[in-house]
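Each residue of the sequence shown is one higher than the one before, counting from -10 in our numbering.
Even for Gly, the Cβ is constructed at its ideal location relative to N, Cα and C.
Encoded as structure tokens, the structure appears first; notes follow it.
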Amino acid sequence: MNRLYSLERSQLIAAPLSDVFAFFSDAGNLARITPPWLRFRVHGPSPLIEPGARIEYRIRWLVFTLRWVTRITRFEPPREFQDVQEKGPYRTWVHTHTFAKEGDAVRMTDRVEYRLPFGLAGRLAHGLVVRRQLEGIFDFRRRAVEEIFRPAPPARR
């Protein structure tokens, strides 16, 4: 049996809940918060994220271009949505995005549960490469979101 791994990241975003949810539920914004080295691209028209929506991507991993297809299995605006891999590099990939108002800001949390293929070789790859790469991807995502939602400087008088 392949081991189930998880990764969770949370950040506070200084913006209205409706704006934050709208940004993350627009598949066209995914490339903006994904590291350039992945060469992430939505394949075909960028779909509206809604229950049952199917999103197809292309990513570059090492020397391989991979096709990745996810489906939105849960969509509860403005609190949560979830995408589940239908086809791609993982045996299992469930990514839950949650949004909660905290004062004048929003707590955005990403939780990914995933399994790798290839049994023992997948477990070794996880320890040597995959876990660090996923952490790097979500570190990049945090910095990109901070830049995108950076409060405007105060107006000069």
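For Val119, same chain residues with a beta-carbon under 7 Å away, outside a window of 5 residues either side, are Leu105 in chain order. Judged by DSSP in its simplified three-state form, His32 adopts coil rather than helix or strand. In this structure Asp8 is exposed. Its beta-carbon is surrounded by fewer than 16 other beta-carbon atoms within 10 angstroms. Shown here for Tyr(-6): same chain residues with a beta carbon closer than 6 Å to its own, the five before and five after excluded, namely Tyr103 in chain order. Counting the other CB atoms within 10 Å of its CB gives Ser14 a total of 16 or more, which places it among the buried residues. Setting aside the 5 residues that flank it on each side, Phe64 is surrounded in the same chain by Glu39, Pro40 and Phe70, each with a C-beta closer than 6 Å to its C-beta; the list follows chain order.
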